[in-house]
Amino acid sequence: MFKKTLVTALAVSALALSACGASDSGSGTDDGITMGFAQVGAESGWRTANTKSIQEAAETAGVDLKFSDAQQKQENQIKAIRSYIQQKVDVIAFSPVVESGWDTVLKEARDADIPVILTDRAVDSADTSLYQTFLGSDFVEEGKKAGDWLVQDSAATEGPVNIVELQGTTGAAPAIDRKEGFEAAITADPDLTIVQSQTGDFTRSGGKQVMEAFLKNTPDIDVVYAHNDDMGLGAIEAIEAAGKVPGVDIKIITVDAVKDGMTALSEGRINYIVECNPLLGEQLMELAEKVVAGEEVPERVVTEETAFTPEQAKEVLASREY
Ligand code: GZL
């Protein structure tokens with residue numbers, strides 16, 4: 121019915137995909153396809169940029185987009201997916217707020233012969249036939265980049281370097297994988313130790329509250345590793361309220377590279393940001409049209425990303441799209 125291959129994002133646009141085993145369920149209508157998209161929420165600057173990218177790309181592609189905001193609740197995403205199945209949309213796409221608990225509703229979509237595309241975050245389903253492709257970042261690599269930078273930056277530092285970690289949403293793929301990649305990278309230097317780790321749920325207020333508690337109960341914090349800019353920005357507020365200088369007294373590493381994060385980086389209040397690209401809309405619409413037409417699509421599409429120092433942030437800040 122739907123076939124997949126494994127290529128990277130760069131190959132997707134150049135890939136000369138041919139209709140392969142055109143699906144007997146290829147539907148769509150002459151005036152474009154209808155997509156149901158179940159978004160995580162509006163918890164961060166990254167999410168806002170991601171939503172904007174998807175809505176604008178749908179408009180440009182002539183895709184009829186039905187969109188829902190789950191306010192970071194899995195039950196709301198499942199309800200939205202069921203609603204799209206009842207509406208008989210041509211394709212369903214979503215960013216799973218957490219990795220687990222999707223098999224039942226994804227089987228309902230498959231039974232209704234509606235293809236599903238994962239964007240941004242992955243699911244832990246063993247049955248990969250439940251979705252056609254997963255478009256998003258390599259979060260383990262993002263965590264590794266953050267850890268590798270800290271190992272290099274701490275090379276000349278004598279003695280222990282105490283790290284506190286602000287984790288993303290509990291059970292979310294980016295939280296699990298960014299932790300894994302970072303921990304693996306910092307094993308290169310035994311002086312680097314994560315002394316506290318707690319979820320701030322990817323929000324600025326969550327990052328601030330957890331950092332306030334860390335500052336009260338953890339002496340000698342040297343580094344904050346925040347799984348996204350928004351929690352890092354919240355930590356900055358707590359650090360400044362405690363009379364310390366962010367980026368100097370306590371170094372800060374974050375992930376995303378949204379405008380507010382890059383501004384803090386350019387001012388030296390954050391020391392390093394690993395990019396996580398939210399602009400997935402155009403690729404999502406290209407993949408959706410191929411899936412609905414029964415064409416072959418890559419099983420995994422990895423978005424290309426980089427990382428920034430304060431000097432690099434100053435150079436690119438004005439031209440950033442998000
Ligand atoms: C990552 C995305 C994460 C961002 C956060 O792809 O799922 O969720 O890093 C967002 O800012 O809340």
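Residue numbering for the sequence shown follows the working numbering, beginning at 121 and increasing consecutively. Backbone N, C-alpha and C fix where the C-beta goes; we use that ideal spot for every residue, glycine too. Keep in mind that this is a model prediction, so the values were computed, not measured.
Item	Value
Cβ-heavy atom distance, Ser507 to the ligand GZL, below 7 Å	Residue 507 is absent from the model: the chain starts at 121 and stops at 442.
Continuous alpha helix (DSSP H) assignments of at least 4 residues falling wholly in the stretch 153 to 232	165 to 181, 194 to 206 and 223 to 231
Where Glu416 sits in the DSSP three-state scheme	coil
Same chain only: Cβ atoms within 7 Å of Lys265, ignoring 5 sequence neighbours per side	Val394 and Ala427
Arg420: CB within 7 Å of a non-hydrogen atom of the ligand GZL	no
Where Thr338 falls, given that 16 or more other Cβ within 10 Å makes a residue buried	exposed
Element boundaries [beta strand (DSSP E), containing Lys371]	Lys371 to Asp376
Any non-hydrogen atom of the ligand GZL closer than 7 Å to Trp166 Cβ	yes
Segment contact flag, the stretch 404 to 414 with the stretch 360 to 377, C-beta cutoff 8 Å, min 3 pairs	no
Proximal residues to Ser245 (C-beta, below 7 Å), its chain only, five neighbours per side dropped	Trp222, Asp223 and Leu226
Ile283 and Thr313 closer than 8 Å at C-beta	yes
Cutoff 6 Å; reference Ile198; Cβ partners in own chain excluding five residues on either side	Val225
Whether Val271 touches Ala304 by CB criterion (8 Å)	no
Spatial distance of Glu228 from Gln159 (CA atoms)	19 Å
Rounded C-alpha distance that separates Phe214 from Phe157	5 Å
Spatial distance of Glu179 from Lys186 (CA atoms)	12 Å
Touch test, the stretch 412 to 422 against the stretch 374 to 386, Cβ-Cβ under 8 Å, three pairs minimum	no
Of the listed residues Ala169, Thr277 and Val211, nearest to Tyr251 (C-alpha basis)	Val211
Bridge partner(s) assigned by DSSP for Phe457	Shown here, the chain extends from 121 to 442; a query on residue 457 therefore has no answer.
Sub-8 Å separation of Ile373 and Val417 beta-carbons	no
Arg202 versus Asp189 - alpha carbon distance	14 Å
First and last residue of the uninterrupted beta strand (DSSP E) at Leu399	Note, Leu399: premise wrong, no beta strand (DSSP E); not H, not E.
Ser69 vs Gly401 beta-carbon contact at 8 Å	For the chain, the structure presents residues 121 to 442; residue 69 sits outside this window and is missing.
Phe259 vs Arg298 beta-carbon contact at 8 Å	yes
Anticipated Cβ contact below 8 Å, Gly165 with Asp350, distance rounded	6 Å
Opposing strand residues paired with Pro280 [DSSP bridges]	Answer is none; Pro280 lacks a bridge partner.
DSSP-derived helix/strand/coil call for Gly146	Annotation note: pLDDT 41 at Gly146 (below 50); position unreliable, coordinate value reported separately. Here Gly146 sits in coil by DSSP.
Gln192 classed as buried or exposed, judged by whether at least 16 other C-beta atoms fall within 10 angstroms	buried
Within 8 Å, strictly: CB atoms of Tyr442 and Ala169	yes
Any non-hydrogen atom of the ligand GZL within 7 Å of Ser245 CB	no
Sequence-distant residues of its chain with Cβ nearer than 7 Å to Ser220 (five each side left out)	Asp244 and Gly291
Range of the contiguous alpha helix (DSSP H) that encloses Thr383	Lys379 to Ser386
Met331 beta carbon less than 8 Å from that of Gly354	yes
Buried versus exposed, by CB contacts within 10 Å (16 or more), Val209	buried
Length at least 4, wholly inside the stretch 335 to 375: the alpha helix (DSSP H) runs in chain order	349 to 361
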